[in-house]
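Some notes on the structure that comes next.
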Amino acid sequence: MGVNVLYKSELSVVVGGLSLEHPVMNASGILGYLPEHADIMASWGVSAIVSKTFTKEPRAGYNPPIVIKVRYYSLLNAVGLANPGIGGIRPFVERARGYGVPVVVSVGGGSIPEYVEVAGAAEDCGASAVELNLSCPNVERGGIELGRDPAQVLKVVRDVASVVRVPVVVKLGVSDRLVDSASKAVEGGARALTLINTVRGMSIDVYSFKPLLSNISGGLSGASIHPIAVWAVYTVFREVQADIIGVGGILTWRDAAELILAGAKAVQVGTALVYRGPGVVRSIVRGLRLWVRRVGARSITELPGAAHRV
Amino acid sequence: MSYVPAEVLSNVNVYGQYFLVTLRVLRNYRRPPLPPQFAMVWVPGVDLLPLSYAVASGRIVGFFYKVVGEGTKALSTRSRGDVVGVSEPLGRWYMPRGRDVVFLAGGAGIAPFLLYLEYVEEPRGLWGVRQGELAARLTKLFPKLGKLTVTSEDCTYGLCGKLTDHLDRVTVGRDTEVLVSGPSDMIRKVCRRFRDLGLGRVGVVAESMVKCGIGVCGSCLVGSVLLCKDGPVVGCECFV
Numbered sequence: 058m059g060v061n062v063l064y065k066s067e068l069s070v071v072v073g074g075l076s077l078e079h080p081v082m083n084a085s086g087i088l089g090y091l092p093e094h095a096d097i098m099a100s101w102g103v104s105a106i107v108s109k110t111f112t113k114e115p116r117a118g119y120n121p122p123i124v125i126k127v128r129y130y131s132l133l134n135a136v137g138l139a140n141p142g143i144g145g146i147r148p149f150v151e152r153a154r155g156y157g158v159p160v161v162v163s164v165g166g167g168s169i170p171e172y173v174e175v176a177g178a179a180e181d182c183g184a185s186a187v188e189l190n191l192s193c194p195n196v197e198r199g200g201i202e203l204g205r206d207p208a209q210v211l212k213v214v215r216d217v218a219s220v221v222r223v224p225v226v227v228k229l230g231v232s233d234r235l236v237d238s239a240s241k242a243v244e245g246g247a248r249a250l251t252l253i254n255t256v257r258g259m260s261i262d263v264y265s266f267k268p269l270l271s272n273i274s275g276g277l278s279g280a281s282i283h284p285i286a287v288w289a290v291y292t293v294f295r296e297v298q299a300d301i302i303g304v305g306g307i308l309t310w311r312d313a314a315e316l317i318l319a320g321a322k323a324v325q326v327g328t329a330l331v332y333r334g335p336g337v338v339r340s341i342v343r344g345l346r347l348w349v350r351r352v353g354a355r356s357i358t359e360l361p362g363a364a365h366r367v
Numbered sequence: 216m217s218y219v220p221a222e223v224l225s226n227v228n229v230y231g232q233y234f235l236v237t238l239r240v241l242r243n244y245r246r247p248p249l250p251p252q253f254a255m256v257w258v259p260g261v262d263l264l265p266l267s268y269a270v271a272s273g274r275i276v277g278f279f280y281k282v283v284g285e286g287t288k289a290l291s292t293r294s295r296g297d298v299v300g301v302s303e304p305l306g307r308w309y310m311p312r313g314r315d316v317v318f319l320a321g322g323a324g325i326a327p328f329l330l331y332l333e334y335v336e337e338p339r340g341l342w343g344v345r346q347g348e349l350a351a352r353l354t355k356l357f358p359k360l361g362k363l364t365v366t367s368e369d370c371t372y373g374l375c376g377k378l379t380d381h382l383d384r385v386t387v388g389r390d391t392e393v394l395v396s397g398p399s400d401m402i403r404k405v406c407r408r409f410r411d412l413g414l415g416r417v418g419v420v421a422e423s424m425v426k427c428g429i430g431v432c433g434s435c436l437v438g439s440v441l442l443c444k445d446g447p448v449v450g451c452e453c454f455v
């Protein structure tokens with residue numbers, strides 16, 4: 058028992074107002090909109106369950122192929138934000154809350170009022186926090202276009218933060234104006250930033266000359282984008298005072314540690330669940346625990362942003 | 216999901232809307248397909264279809280399918296020399312532990328059992344079809360199918376009627392393993408019957424709902440099982 062308490066204190070973190078037993082949660086987009094999905098996600102050992110993005114209306118998503126594996130340890134996806142709509146939030150959140158970890162509802166929309174409405178519904182349904190998806194590359198409205206415009210980011214975050222009491226986390230993708238967008242998100246009331254979303258990409262079959270994804274292009278995740286994520290977290294940490302959740306190509310504890318040193322207080326894992334299986338979260342947590350000791354820290358909370366101090 | 220390019224060797228119209236496409240994959244599989252694994256077959260620019268391996272011998276693979284929508288319709292128009300994409304084998308392979316295996320298939324649900332017939336010494340069971348002619352023609356292509364009893368709704372081949380009309384002909388012991396594949400109505404009826412009998416172990420082969428194939432999209436959830444990862448054999452409890 059005493060050992061467990063020690064373990065907890067070594068890795069426990071508070072990010073964006075959420076107390077986590079360890080810093081590893083799942084990234085939005087791997088399962089996450091049905092109650093049964095929550096059962097599977099909880100079995101991964103994540104410190105918070107992050108839902109798939111919910112929108113106001115149900116979305117069927119795109120026709121297959123919607124996800125393909127690409128080199129190296131990466132995925133290209135254009136699922137099209139398939140989800141059951143606002144009515145699906147309560148069953149998912151209620152089931153997920155039964156596992157005793159914070160439940161973060163990812164919120165999407167085609168307009169600012171839609172973000173506000175879905176975020177409000179998530180809070181009403183018992184979400185511990187909302188993560189505004191301002192960076193999905195696979196929808197025609199909202200998504201990445203919204204996240205690229207700092208003035209729009211300010212408006213959507215301010216509007217959402219003024220009506221919900223739970224922490225508002227803002228997920229941004231890489232763009233030329235990432236620092237400006239991050240800064241505006243914090244100004245608007247974001248308690249934390251999730252960096253980064255998938256990066257737009259494409260793959261073509263060389264025999265039929267056809268794009269592999271039905272949507273032609275999609276979002277690239279996995280090892281291919283990890284250095285981009287490290288850069289994004291490092292840069293935003295330097296310029297903006299904010300809690301950061303790092304995401305992008307974490308396959309091992311080293312990748313997670315890198316993002317923490319760049320400035321992330323917590324991390325999210327997505328593509329690794331496909332390539333390394335459901336045990337990957339526990340494996341990363343074990344690795345981080347040993348790493349914290351190896352580098353002589355008493356707690357992982359001493360390490361976010363440590364790369365800026367050398 | 217990643218694809219192995221595959222060249223169409225033949226695409227035979229077995230009968231009516233039923234086809235058997237044979238492909239030569241252009242790269243070796245890392246692991247050979249075993250029953251009842253399935254592949255996502257990509258018809259470039261049209262659709263991605265979850266299809267059970269009916270044939271798997273080295274680089275030659277085959278899929279028995281019924282034209283039901285745009286994707287299967289497009290696949291049926293592909294001919295010798297055309298290239299499609301085939302994923303690595305998906306799902307878990309499953310070999311019954313005992314020797315006594317009963318297959319119960321409805322229509323195109325026979326597809327996964329075609330590969331099983333290569334592995335099971337003394338297969339028995341029922342295959343229900345609407346038109347007897349389909350059974351006659353497919354049995355010519357897969358002679359081991361002759362070990363199953365056919366039920367035809369047009370009463371032109373085998374027993375007359377639906378498969379579920381003849382379930383009492385299937386003797387099931389304590390060690391019998393029953394594998395079912397077909398329309399969900401049929402699966403439900405079969406599962407209820409064996410549950411009521413309290414005999415045998417029944418597994419359902421299902422893969423038609425698979426969309427992404429790698430456990431990401433969550434659309435192939437049956438009960439608490441993601442078919443693409445932990446299927447395609449699931450317990451009857453998911454259906455009754």
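Quick mapping for you: the protein sequence lines, in order, are chains D and W.
According to our numbering, the first sequence is numbered sequentially starting from 58.
According to our numbering, the second sequence is numbered sequentially starting from 216.
Glycine included, every Cβ here is placed at the ideal spot set by N, Cα and C.
The structure displayed is predicted, hence computed values, not measured ones.
Which residues mark the beginning and the end of the beta strand (DSSP E) in which residue i is found?
i        : result
W:Leu266 : 262–267
W:Val301 : 298–302
D:Ile125 : 124–127
D:Leu252 : 249–252
D:Ile282 : Where D:Ile282 is concerned, there is no enclosing beta strand (DSSP E), given that its DSSP letter is neither H nor E.
W:Asp237 : Per the sequence shown, the amino acid found at residue 237 of chain W is Thr instead of Asp. Per DSSP, W:Thr237 belongs to the beta strand (DSSP E) from 233–240.
D:Leu132 : 131–134
With burial defined as no fewer than 16 other Cβ atoms inside 10 Å of the residue's Cβ, what is the status of residue i: buried or exposed?
i        : result
D:Asn272 : buried
D:Leu203 : buried
D:Phe266 : exposed
W:Asn243 : exposed
W:Gly231 : exposed
D:Gln400 : Here chain D has residues from 58 to 367 only, and residue 400 of chain D is not among them.
D:Pro284 : exposed
D:Met368 : There is no way to answer for residue 368 of chain D, as the model of chain D reaches only from 58 to 367.
D:Arg351 : exposed
W:Phe234 : buried
D:Ser240 : buried
W:Gly388 : exposed
D:Ala208 : exposed
W:Met310 : exposed
D:Val337 : buried
W:Cys370 : exposed
W:Leu412 : exposed
W:Arg408 : buried
Which whole-angstrom value is the C-beta distance of residue i and residue j, which I expect to be below 8 Å?
i        : j        : result
D:Leu270 : D:Leu133 : 6 Å
D:Lys109 : D:Ser163 : 6 Å
W:Met401 : W:Leu374 : Contact doesn't hold; Cβ gap of about 15 Å is too wide.
D:Gly246 : D:Val214 : 6 Å
W:Gly306 : W:Glu422 : 7 Å
W:Val282 : W:Ala221 : Their Cβ separation, rounded to whole angstroms, is 19 Å, which puts W:Val282 and W:Ala221 out of contact at 8 Å.
D:Val322 : D:Pro268 : One point to set straight first is that residue 322 of chain D is Lys, not Val, in the sequence displayed. Not really, about 38 Å apart at Cβ, beyond 8 Å.
D:Ala95  : D:Ala153 : 4 Å
W:Asp390 : W:Gly313 : 5 Å
D:Ala105 : D:Val187 : In fact, because the Cβ distance is near 12 Å, the residues do not count as touching under 8 Å.
Which residue comes first and which comes last in the alpha helix (DSSP H) that contains residue i?
i        : result
W:Leu412 : 399–412
W:Asp445 : 442–445
D:Ile97  : 92–100
D:Pro207 : 207–218
W:Ala158 : A query on residue 158 of chain W cannot be resolved here, the shown segment of chain W reaching from 216 to 455 and no further.
D:Tyr332 : 328–332
Which residues of chain D have a Cβ atom closer than 8 Å to the Cβ of residue i, listed in chain order?
i        : result
W:Met216 : Pro122, Val124, Ile125, Lys126
Quick one: which chain D residues come within Cβ less than 9 Å of residue i?
i        : result
W:Ser423 : By Cβ distance, chain D contributes nothing, its closest Cβ being about 12 Å from W:Ser423, past 9 Å.
W:Asp262 : Asn120, Pro121, Pro122, Ser271
W:Gly277 : Neighbours of W:Gly277 on chain D: none; closest Cβ ~19 Å, over 9 Å.
W:Pro220 : Asp262, Val263, Tyr264, Ser265
Can you name the residues of chain D whose CB is closer than 7 Å to the CB of residue i?
i        : result
W:Tyr430 : Residue 430 of chain W is actually Gly in this sequence, not Tyr. The answer, in chain order, is Val331.
W:Trp257 : Pro122
W:Lys179 : An answer regarding residue 179 of chain W cannot be provided, because it is not within the stretch 216 to 455 covered by chain W.
W:Gly300 : Asp262
Along chain W, in chain order, which residues have C-beta atoms closer than 7 Å to that of residue i?
i        : result
D:Val26  : Since the first residue shown for chain D is 58 and the last is 367, residue 26 of chain D is missing from the structure and cannot be characterised.
D:Glu93  : Leu436, Ser439
D:Ala139 : Cys432
If the cut is a Cβ gap below 9 Å, which residues of chain W does residue i touch?
i        : result
D:Tyr156 : Per Cβ cutoff of 9 Å: no residues; D:Tyr156 is ~14 Å from chain W at best.
D:Asp96  : Ser439
Decide yes or no for the touch test of the segment 213–226 of chain D against the segment 269–280 of chain D: beta carbon pairs closer than 8 Å, at least 3 of them. no
Inter-stretch contact at 8 Å, needing at least 3 Cβ pairs: the segment 241–260 of chain W / the segment 326–338 of chain W: yes
Does the count of Cβ pairs from the segment 272–286 of chain W and the segment 232–240 of chain W closer than 8 Å reach three? yes
Within the chosen definition, does the segment 347–363 of chain W reach the segment 380–391 of chain W through at least 3 CB pairs nearer than 8 Å? no
Take every Cβ of the segment 103–119 of chain D, pair it with every Cβ of the segment 136–147 of chain D, and state whether three or more of those distances are shorter than 8 Å. yes
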